[in-house]
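**Student:**
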Ligand code: SF4
Ligand code: SF4
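Numbering (our numbering), first residue to last: 146 to 474.
1. Whether or not the stretch 228-236 and the stretch 317-327 are in contact is what I'm after, with contact meaning three or more pairs of Cβ atoms, one per stretch, closer than 8 Å; do they touch?
2. Can you tell me the Cα-Cα spacing of residue 219 and residue 225, whole angstroms?
3. Grab the span of the beta strand (DSSP E) containing residue 404 for me, first residue to last.
4. Going by beta carbon distance, what residues of the same chain come within less than 6 Å of residue 376, once the five residues before and after it are set aside?
5. Does the distance from the C-beta atom of residue 351 to that of residue 365 stay below 8 Å?
6. Confirm the yes/no value for this check: CB of residue 255, any heavy atom of ligand 2, distance under 7 Å.
7. Could you give the distance in angstroms between the alpha-carbon of residue 468 and the alpha-carbon of residue 430?
8. For the beta strand (DSSP E) containing residue 313, name the first residue and the last one.
9. What are the partner residues of residue 237, as DSSP defines its beta bridges?
10. Buried or exposed for residue 389, please, with buried defined as at least 16 other CB atoms from any protein chain shown within 10 angstroms of its CB.
11. Between 438, 146, 348 and 359, which lies nearest to residue 405 when the distance is taken from Cα to Cα?
12. Do residue 229 and ligand 1 come close, with the Cβ less than 7 Å from some heavy atom?
13. Can you give the Cα-Cα distance for residue 448 and residue 471, rounded to whole angstroms?
14. Tell me which residues share the same chain as residue 465 and place their Cβ nearer than 8 Å to its Cβ, disregarding the 5 neighbours each side in the sequence.
15. Beta-carbon within less than 6 Å of residue 369's beta-carbon, same chain only, minus the 5 sequence neighbours each way: which residues are those?
16. Residue 229: which of 453, 414, 446 and 280 sits nearest, CA to CA?
17. Along the beta strand (DSSP E) that carries residue 299, what are the first and last residues, could you check?
18. Please confirm if residue 149 has its CB atom under 8 Å from at least one CB of chain D.
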């Protein structure tokens, strides 16, 4: 939780427009602590968005194993591949740190690690958002799930909260669907949002949870945007899933998506400083030198996108530039 508070504070100070969090009250409280801290010093504050799903989705899972079953001489490859140090000898997987990337699952030679889906029932959505009061909600959806999407939106609307946007996250088409059929499904989701008086953000999830891998992971989101971008309904388009500092270099000069969502890449950038603060027994907010370094790193990621505001409108496909970070996903 202290990491989440620091991550949210740093990226808030760097100027992101939105922080995207797991729909978990403890996580949102930790994030708001960081946002309050920055707002008291700068007067600015990004939106808080929480994520839910209308079906099975890899963003909504945790890994688990029983550490008592591990041989004492195991070289612990699971621990080596975990990008957030969520695995340790005594407790196995720290569920507060695990964000479900799945990299440890194939790493165990004894196949001891399993995935556990996190599923929010429709009946629980209304009470949860009532308690959290987010500015925006992201709904992860996929082709073939229109009915589940509509039920999710209906559940979300039941407490009559005024959301600034609903972000619709989707990836490459599944079930042998083509891109045109996927676009048709997005238009049906657009119609659903309109019936409920909601405005969308279309989030193109290229290669989910891979932005920290440094393996050309930005390409799938860019390809998805090039193919599906012109077919999407009205609303800002964000690149997501595998995005990193290189993404902006691959954009054509005259035709840009509205914004970007950074996940694993943004976390990885600050991980050494977060760990150093922990080793010093403090937080980035209480360690001025670490804070300066962290904000400077975060600005290096965020500023090239913020500076696109100054480009002529004719160079942007949509009028709103929109930058999100995802500390817990
Ligand atoms: S799923 Fe990813 S974050 Fe979770 S323990 Fe495994 S490697 Fe770490
Ligand atoms: S790789 Fe498998 S056996 Fe080894 S420590 Fe990890 S979970 Fe245990």
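Glycine included, every Cβ here is placed at the ideal spot set by N, Cα and C.
**Tutor:** So, from the listed chains and residues:
1. The stretch 228-236 and the stretch 317-327 do not touch, with fewer than three beta-carbon pairs separated by less than 8 Å.
2. The residue you call residue 219 lines up with position 74 of the chain shown. The residue you call residue 225 lines up with position 80 of the chain shown. Cα to Cα, the separation comes out at about 12 Å.
3. The residue labelled residue 404 in the question sits at position 259 within the chain shown. Boundaries of the beta strand (DSSP E) around residue 404: 404-407.
4. In the chain shown, counting from the first residue as 1, residue 376 sits at position 231. Correct list, in chain order: 328.
5. Looking up residue 351 in the chain shown gives position 206. Looking up residue 365 in the chain shown gives position 220. Between residue 351 and residue 365, the C-beta gap is smaller than 8 Å, which places the two residues in contact.
6. The residue given as residue 255 occupies position 110 in the chain shown. At a threshold of 7 Å, residue 255 counts as near ligand 2, since its beta carbon sits closer than that to one of the ligand's heavy atoms.
7. Within the chain shown, residue 468 is the residue found at index 323, counting from 1. Within the chain shown, residue 430 is the residue found at index 285, counting from 1. Straight-line spacing of the CA atoms in residue 468 and residue 430 works out to 22 Å.
8. The residue labelled residue 313 in the question sits at position 168 within the chain shown. Per DSSP, residue 313 is one residue of the beta strand (DSSP E) stretching across 310-315.
9. Here residue 237 is taken as the residue at index 92 of the chain shown, counted from 1. 233, per the DSSP bridge assignment.
10. For the purposes of this step, residue 389 is taken as residue 244 along the chain shown, with counting starting at 1. A residue is called buried once 16 or more other Cβ atoms fall within 10 Å of its Cβ, and residue 389 is buried on that count.
11. Taking the first residue of the chain shown as 1, we reach residue 405 at position 260. Checking every option, the nearest Cα to that of residue 405 belongs to 348.
12. Counting from one through the chain shown, the residue named residue 229 turns up at place 84. Within 7 Å of the C-beta of residue 229 there is at least one heavy atom belonging to ligand 1.
13. Walking along the chain shown from the start, residue 448 turns up at place 303. Walking along the chain shown from the start, residue 471 turns up at place 326. About 17 Å.
14. The residue given as residue 465 occupies position 320 in the chain shown. Reliability fails at residue 465, whose pLDDT of 49 lies under 50, so the model's placement of it is uncertain and the value that follows must be treated cautiously. Listed in chain order, the non-local C-beta contacts of residue 465 below 8 Å within the same chain comprise 381, 403 and 404, local neighbours out to five positions each way being set aside.
15. The count along the chain shown starts at 1 and reaches residue 369 at position 224. Excluding five sequence positions before and after residue 369, the CB atoms of its chain that fall closer than 6 Å to its own CB belong to 349 and 351, given in chain order.
16. Working through the chain shown from its first residue, we reach residue 229 at position 84. Nearest of 453, 414, 446 and 280 to residue 229, Cα basis: 414.
17. Along the chain shown, read from residue 1 onward, the residue named residue 299 stands at position 154. Unbroken run through residue 299 is the alpha helix (DSSP H), 291-302; no beta strand (DSSP E).
18. Looking at the structure shown, chain D is missing, and only one protein chain is on hand.
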